[in-house]
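Just below is one structure, and these are the notes that go with it.
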Amino acid sequence: MLKVLKFGGSSVADAAHFKRIKSIVESDSARSVVVVSAPGKMNGTGHKVTDLLYLCHAHIKYGVSFDEIFRQVEERYLNIKKGCGLQTDIESELAALKERMREGLSEDELVSRGEYFTAKLMADFLGFAFLDAALWLKFSYDGKIDLKKSYDALSKLAAGRKVVIPGFYGVMPDGKIKTLTRGGSDVTGALAAAALDADVYENWTDVSGILMADPRIVKDPRPIERATYSELRELSYIGAKVLHEDAVFPVKDKGIPLNIRNIDDPDSPGTLILDEICDENGEASPQEGNFITGIAGRKGYTVITISKPGMSSTPGVLLNMLQILAAHDVNVEYLPNGIDCASFVVSTEKLGGGLYSILGEVEKQIEPTDIKITENMAVVAAVGRKMAFRPGISAKLFGVLGDNGVNIRMITQGPEELNIIVGVEEKDFEQAIRALYESCI
Ligand code: ASP
Numbered sequence: 001m002l003k004v005l006k007f008g009g010s011s012v013a014d015a016a017h018f019k020r021i022k023s024i025v026e027s028d029s030a031r032s033v034v035v036v037s038a039p040g041k042m043n044g045t046g047h048k049v050t051d052l053l054y055l056c057h058a059h060i061k062y063g064v065s066f067d068e069i070f071r072q073v074e075e076r077y078l079n080i081k082k083g084c085g086l087q088t089d090i091e092s093e094l095a096a097l098k099e100r101m102r103e104g105l106s107e108d109e110l111v112s113r114g115e116y117f118t119a120k121l122m123a124d125f126l127g128f129a130f131l132d133a134a135l136w137l138k139f140s141y142d143g144k145i146d147l148k149k150s151y152d153a154l155s156k157l158a159a160g161r162k163v164v165i166p167g168f169y170g171v172m173p174d175g176k177i178k179t180l181t182r183g184g185s186d187v188t189g190a191l192a193a194a195a196l197d198a199d200v201y202e203n204w205t206d207v208s209g210i211l212m213a214d215p216r217i218v219k220d221p222r223p224i225e226r227a228t229y230s231e232l233r234e235l236s237y238i239g240a241k242v243l244h245e246d247a248v249f250p251v252k253d254k255g256i257p258l259n260i261r262n263i264d265d266p267d268s269p270g271t272l273i274l275d276e277i278c279d280e281n282g283e284a285s286p287q288e289g290n291f292i293t294g295i296a297g298r299k300g301y302t303v304i305t306i307s308k309p310g311m312s313s314t315p316g317v318l319l320n321m322l323q324i325l326a327a328h329d330v331n332v333e334y335l336p337n338g339i340d341c342a343s344f345v346v347s348t349e350k351l352g353g354g355l356y357s358i359l360g361e362v363e364k365q366i367e368p369t370d371i372k373i374t375e376n377m378a379v380v381a382a383v384g385r386k387m388a389f390r391p392g393i394s395a396k397l398f399g400v401l402g403d404n405g406v407n408i409r410m411i412t413q414g415p416e417e418l419n420i421i422v423g424v425e426e427k428d429f430e431q432a433i434r435a436l437y438e439s440c441i
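With this note's numbering as the guide, the letters of the sequence shown map in order to residues 1 to 441.
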């Protein structure tokens, strides 16, 4: 049995958290590979080390002294070293980095040191070997991760060993350090789990798994006990941010279960994400009766509705519209349509300042009889594998929204019947989520 664990920034924020990690790792001998982020905020306050390092780089770029900011970085590591009684000579490593910063160092390499130092200290504390991500997480020149080379390298380097790996970065073919996008330690952990064919990928964070609704909107929402990878994808695409998007694919591809756990509540089972869940075989959980796994949503949509008689029977009108939007780098999120009209739901942010130029093209190329723009729209999605092929679910959802005074402006359902999505005005967004949660979960 092999478990790969990833601890996020808040979980490695200080010596107290390092101690919690040690007891978690030591409580299960299968927990042999540990991936760490850089120290994040401490109980929600202070700064993330990664942010401070980006700031140092900006100071270097503009020739402003970075001493004060770097001092804060040093302090974080020295406090962890002291609090955990460690021997690692982190002082010399920090001094050497400072020297290199004066000489000039790439932004990627500089910010990657946040994870590097954390992993050094964690390896010392756990008595595991330190395994640099630069030795195995390999990018190709096009900036994509070379999965084959990376998996081959890690499976050789980590075989039969207990190791700590810094998250968030890897190496280019020319040996230069390259970081992943922000939050990328989740991806490192998933890649390590996939490379080593782990039995489970435990992603430790500061919440008890994925919650059934946004806690800023619903008071104390329950955590999701089990979900499929497809449900996770639906929920996170539409707003439930739990882990880095790219972290799902490596483990999903290999059928490795992903377990999201809470460092502040290590006995709670968290959320278990699996490729498939066989509900009929009995899911002995209080969620058994829920047909909704979770509710998510997002504000910030604009709807462009074009009308033209006979639109549905004229080939190419929708294609033309999609091409105009694509030429402006705008993707269509939802596309409800009628016989003589179609609505294109797009992200307002993506639209940027391009709306009038898009509409100009539409007038010229499509010659619609009417164009309507509706701004400040939100979408709310009820996601659940148990909704599929069960009659009456949408009637219930729409009834709940109607009873709570929420006007539904758009309805779509994915072909797999995994979600039911409604478009509502932004002013009704929170009310819609609360009503659905309270009535259906
Ligand atoms: N430290 C990096 C960040 O703050 C990567 C991570 O935490 O996963 O984005």
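The beta carbon of each residue, even a glycine, is placed where N, CA and C say it ideally should be.
Tell me whether S11 sits in a helix, a strand or coil according to DSSP, three-state version. Here residue 11 refers to the residue found at position 11 of the sequence shown. S11 falls in the helix class under three-state DSSP.
Comparing C-alpha positions only, which one of I433, G414 and N376 sits nearest to V400? Counting from one through the sequence shown, the residue named residue 400 turns up at place 400. Looking at the Cα atoms, I433 is the closest of the given residues.
With a threshold of 16 other CB atoms inside 10 Å of the CB of M1, please say whether the residue is buried or exposed. Here residue 1 refers to the residue found at position 1 when the sequence shown is read from its first residue. M1 comes out exposed.
Which same chain residues end up closer than 7 Å to D197 when comparing Cβ atoms and leaving out the 5 residues on each side of it in sequence? For the purposes of this step, residue 197 is taken as the residue at position 197 of the sequence shown. Correct list, in chain order: K254.
Could you tell me the alpha carbon to alpha carbon distance between V64 and E103, rounded to whole angstroms? Within the sequence shown, residue 64 is the residue found at index 64, counting from 1. Within the sequence shown, residue 103 is the residue found at index 103, counting from 1. Going from the Cα of V64 to the Cα of E103 covers about 14 Å.
Please give me, in chain order, every unbroken run of the alpha helix (DSSP H) with length at least 4 that falls completely inside the stretch 212 to 242. 229 to 237
Spell out whether any CB of chain C is found under 7 Å from the CB atom of E103. The chain inventory of the structure shown lacks chain C, comprising one protein chain alone.
Within 10 Å of its beta-carbon, does K372 have 16 or more other beta-carbons around it, so buried, or fewer, so exposed? Locating residue 372 in the sequence shown gives position 372, where the first residue counts as 1. K372 comes out exposed.
Within the continuous alpha helix (DSSP H) that includes G189, where are the two ends? For the purposes of this step, residue 189 is taken as residue 189 along the sequence shown, with counting starting at 1. Segment S185 to A195, the alpha helix (DSSP H) holding G189.
Nonlocal neighbours in the same chain, by C-beta distance under 6 Å from C84, ignoring five residues either side: The residue you call residue 84 lines up with position 84 of the sequence shown. The residues are A15, F18 and F125.
Have a look at K3 and M311 and give me their C-alpha separation to the nearest angstrom. Stepping through the sequence shown from its first residue, residue 3 is reached at position 3. Stepping through the sequence shown from its first residue, residue 311 is reached at position 311. Taking the straight line joining both Cα atoms gives about 55 Å.
Closer than 6 Å to a non-hydrogen atom of the ligand ASP - does that hold for the CB of S185? Here residue 185 refers to the residue found at position 185 when the sequence shown is read from its first residue. Under cutoff, so the answer is yes.
How should C56 be labelled, buried or exposed, when 16 other C-beta atoms within 10 angstroms of its C-beta is the threshold for buried? Within the sequence shown, numbered from 1, the residue matching residue 56 stands at position 56. It counts as buried.
Using DSSP with H/G/I as helix, E/B as strand and the rest coil, what is A159? For the purposes of this step, residue 159 is identified with residue 159 of the sequence shown, where counting begins at 1. Looking at A159 - three-state DSSP - the assignment turns out to be coil, as it is neither helix nor strand.
In this structure, how does DSSP classify N79 when only helix, strand and coil are distinguished? Here residue 79 refers to the residue found at position 79 of the sequence shown. Helix at N79.
Short of 7 Å in beta carbon distance, which residues of its chain neighbour V242, apart from the five on each side in sequence? Order them along the chain. For the purposes of this step, residue 242 is taken as the residue at position 242 of the sequence shown. Same-chain partners within the cutoff: I210, S236 and I260.
Check Y54 in the structure and name its three-state DSSP category. As a working mapping, residue 54 is identified with position 54 in the sequence shown. Helix.
Supposed close pair G189, Y201 - CB separation, criterion 8 Å: Taking the sequence shown and counting its residues from 1, the one referred to as residue 189 is at position 189. Taking the sequence shown and counting its residues from 1, the one referred to as residue 201 is at position 201. Right, the Cβ-Cβ distance comes to about 6 Å (below 8 Å), so this counts as a contact.
Specify the secondary structure class of C278 as computed by DSSP and reduced to three states. Here residue 278 corresponds to residue number 278 of the sequence shown, with the count starting at 1. Reduced to three states, the DSSP call for C278 is coil.
Suppose contacts are defined by Cβ-Cβ distances below 7 Å. Is P35 in contact with I165 by that definition? Taking the sequence shown and counting its residues from 1, the one referred to as residue 35 is at position 35. Taking the sequence shown and counting its residues from 1, the one referred to as residue 165 is at position 165. Strictly speaking, residue 35 in this sequence is Val, with Pro absent from that position. A contact, by the Cβ cut-off of 7 Å.
Go ahead and label A388 buried or exposed: buried means 16 or more other beta carbons lie within 10 angstroms of its beta carbon, across all protein chains shown. The count along the sequence shown starts at 1 and reaches residue 388 at position 388. A388 is exposed by the Cβ-count criterion.
Within 10 Å of its beta-carbon, does A284 have 16 or more other beta-carbons around it, so buried, or fewer, so exposed? Residue numbering aside, residue 284 sits at position 284 when the sequence shown is read from its first letter. Its pLDDT being 39, under 50, A284 is placed unreliably by the model, and nothing is read from it.
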